[in-house]
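One structure is given below, encoded as structure tokens.
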Amino acid sequence: MKNLIDLLTTEVKSAFSACDLPEELGMVTVSNRPDLCEFQCNGAMAAAKREKKNPMDIASLVAEKLKDSSCFSSVEAVKPGFLNLNVSDGLLVKCLSEMDKADNCAVSAEEKKKIMIDYGGPNVAKPLHIGHLRSAIIGESIKRLGRFLGHEVIGDIHLGDWGLQMGLIIAELKERNKEFPDSISELEEIYPFASEKSKEDEAFREKAMSETFKLQHGDEQNLKVWKKIMELSVADLKKNYERLNVEFDLWKGESDADPYIAPMVERLKKEGYAHESQGALVVDVSEESDSKEVPPCMILKSDGASLYTTTDLATLVEREEDYSPDQIIYVVDKRQQLHFTQVFRAAKKTGIVPEKTALDFLGFGTMNGRDGKPFKTREGGVMRLEVLINDVTEEMYKKMKDNEGISLSEEEIRDTAESVALSAIKYGDLSNQAVKDYIFDIDKFTSFEGNTGPYILYTMVRIKSILRKYREKFGEKDISTFELRAPESREEKALMLTLAGFGVMVTSAFREIAPHRVCAYIYELSNEFNRFYHGTRILSESDEEKRNGWIALLSFALKVFSHCIDVLGMKEVDAM
Ligand code: ARG
């Protein structure tokens, strides 16, 4: 079954061709004057230009053809040549009923793809801080959106596990005469300590670099220590991501790309893609059309050491070999844009990745504090992710306690507060276009009113509560057999039209890699629902058919809400 808007377009297109006008001009869009009509078609103007006729005459001609169409309740030609369209109740109800009965509200991608998402990207042994929060939240949502549409999506965390931080820790352990670290808290103390020390102590820095080199060249003892660090770190990361409702399919990292580096470098040299430049090995990636210079992509440093670009290219070799994905989406800080331009160009140019594979970089902005500077703790340090979650949960708990209507026990409030807090954090992030910086405003994000996660969850709780009260009052009934009915009011029709737009929204949000569109949609849906709710006495309605129709509408709306919440990686609650 097609989307409502596609059905309308088909109808208007056939009216254009019945008037001997080019069919493709019959495109229907959502009205940009909702006060005047629900949908519009501007094709008569283009047709008039082509045929050198008066647009109003053409619009009237097409309107005449559509006069008896069962798709529209009204079709009006208005100056200077627009077609103002209102959908018929019959078609609207039919569309929504079919969505309601189908899996996933009848939404699915036409062409299924294999897509990898590279997100999270924490660096092992460094504490997981809010810098990695955005990547995890946005990447998770894109993964879920893709899966919802039926694509095969593989999420890879791509750990930073092969760099100097490893050598720093190994060197410091040696200075302390320790073979292995014992705990994550020990690692968290050692890393910043060693990192600071390396800045002042040249000899120590050299030592750390040599330990890194040894690790990367197969030193057994260092590999053993590395494994232990990985074990401790990964266990801690898993715990943190689980709390965020973020789940990776692959826990691969830079280290996994290591075996692919030597043969890749060999090939690039042999086939003439890479050449020496000031001792280093590089691939030229500049293009004539570049307005800003794109420097060569460095593959090996002059001392033969590999770099961030090297591991990223070798990871592409590995991914191609293991999965040959149709698309890879990287969700990384936008300051790494140039790095990815170089990597993508080098990968395509050298045939590491076939031309048809889409490589996309979704660069995100910074999460700032209220002072407009990158978010920090009150003491000015880097905030640990778990501290942030705890703080927001505490604030949410307070707000829920203050909410007079709440009927939850102390324990239930405690349990629910973390889920709502998670929604507050995630929605606060995802509702902004990824590339933009945003201000983390705990007060705003945790508010029950306005464009916030808690407001959305609260609206869902309201629907759930009506359905619960319905059952209490009228007994257990199979609500799924209730039929949707034609809208009784403007507000109800507006709500139904928004619901009908769900499929188009999801499809374009994924195509544009734009989860903020899902947020904009559920915010609008919440507003439409609340307007309908305030104007309709659902449970006290005496006409059973009407009442049941509304119950059907509510349970369908709840389904759409749930899909959106899930796609955003938020968690529903039953009361708050
Ligand atoms: N670990 C990196 C960082 O913290 C992010 C990794 C992003 N993914 C990638 N394939 N480079 O900056």
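In this text, residue positions in the sequence shown follow my numbering: the first is 182, and each later residue adds one. For every residue, glycine included, the Cβ atom is placed at its ideal position computed from N, Cα and C. Since this is a predicted model, take the numbers as computed values, not measurements.
| query | result |
| --- | --- |
| Could you check if residue 299 belongs to the surroundings of ligand 1, using beta carbon to heavy atom distance under 6 Å? | yes |
| Can you list, in chain order, the residues of its chain whose CB lies under 6 Å from that of residue 302, leaving out five sequence neighbours each side? | 316 and 339 |
| Would DSSP call residue 267 helix, strand or coil? | strand |
| Could you give the residue range of the beta strand (DSSP E) that holds residue 295? | 295 to 299 |
| Considering residue 520, what are the terminal residues of the alpha helix (DSSP H) in which it resides? | 518 to 530 |
| Entirely within the region 577 to 636 and at least 4 residues each: give me those alpha helix (DSSP H) ranges in chain order. | 591 to 611 and 623 to 626 |
| Go through its chain and collect everything with a Cβ distance to residue 631's Cβ below 8 Å, but skip five positions before and after it. | 625 |
| Does the count of Cβ pairs from the region 713 to 732 and the region 651 to 667 closer than 8 Å reach three? | yes |
| Based on Cα-Cα distance, which residue from 523, 638 and 337 lies nearest to residue 757? | 638 |
| Could you tell me which residues DSSP puts in a beta bridge with residue 333? | 295 |
| So does residue 341 have its beta carbon nearer than 6 Å to some heavy atom of ligand 1? | yes |
| State the Cα-Cα distance for the pair residue 204 and residue 196, rounded to the nearest angstrom. | 8 Å |
| Among the residues of its own chain, which have a CB less than 7 Å from the CB of residue 308, if the five just before and after it don't count? | 369 and 565 |
| By alpha-carbon positions, which one of 462, 500, 474 and 599 ends up nearest to residue 488? | 462 |
| Give the range of the alpha helix (DSSP H) segment to which residue 430 is assigned. | Per DSSP, residue 430 belongs to no alpha helix (DSSP H) and is neither H nor E. |
| Under 7 Å between the Cβ atoms of residue 209 and residue 218? | no |
| Can you tell which of 349, 440 and 601 has its C-alpha closest to the C-alpha of residue 377? | 349 |
| Is the region 470 to 490 close to the region 505 to 523, with three or more CB pairs under 8 Å? | yes |
| Which residue from 291, 400 and 733 puts its Cα closest to that of residue 282? | 733 |
| With residue 189 and residue 268 assumed to form a contact (beta carbons below 8 Å), what rounded beta-carbon distance in angstroms separates them? | 7 Å |
| In the DSSP assignment, what are the bridge partners of residue 702? | Residue 702 is not bridged to any residue. |
| If we ignore side chains and look at the alpha-carbon of each, how far apart do residue 708 and residue 641 end up? | 12 Å |
| Would you check if the distance between the CB atom of residue 510 and the CB atom of residue 298 is smaller than 7 Å? | yes |
| Could you give the residue range of the alpha helix (DSSP H) that holds residue 402? | 401 to 424 |
| Rounded to the nearest angstrom, what separates residue 451 and residue 396 at their Cα positions? | 27 Å |
| Give me the Cα-Cα distance between residue 742 and residue 212, rounded to the nearest whole angstrom. | 23 Å |
| Using three-state DSSP, classify residue 157 as helix, strand or coil. | Because the chain is modelled from 182 through 757, residue 157 falls outside the range shown and cannot be assessed. |
| State the DSSP-derived secondary structure class of residue 184, mapped to helix, strand or coil. | coil |
| Can you determine whether any heavy atom of ligand 1 sits closer than 6 Å to the C-beta of residue 584, and answer yes or no? | no |
| Give the C-beta separation of residue 546 and residue 475 to the nearest angstrom, bearing in mind that I take them to be a contact with Cβ-Cβ under 8 Å. | Their Cβ separation, rounded to whole angstroms, is 22 Å, which puts residue 546 and residue 475 out of contact at 8 Å. |
| Taking the alpha carbon of residue 740 as the point to measure from, which residue in 296, 285, 576 and 508 has its own alpha carbon closest? | 285 |
| Can you determine whether any heavy atom of ligand 1 sits closer than 6 Å to the C-beta of residue 304, and answer yes or no? | yes |
| Three-state secondary structure (DSSP) at residue 210? | strand |
| Which runs of the alpha helix (DSSP H) at least 4 residues long sit entirely within the region 676 to 740? Give them in chain order. | 683 to 692 and 697 to 716 |
| For residue 346, does the count of other Cβ atoms within 10 angstroms reach 16, so buried, or fall short, so exposed? | buried |
| I think residue 703 touches residue 506, with their Cβ atoms under 8 Å apart; what is that distance to the nearest whole Å? | With 8 Å as the limit, residue 703 and residue 506 do not qualify as a contact, their Cβ atoms being about 29 Å apart. |
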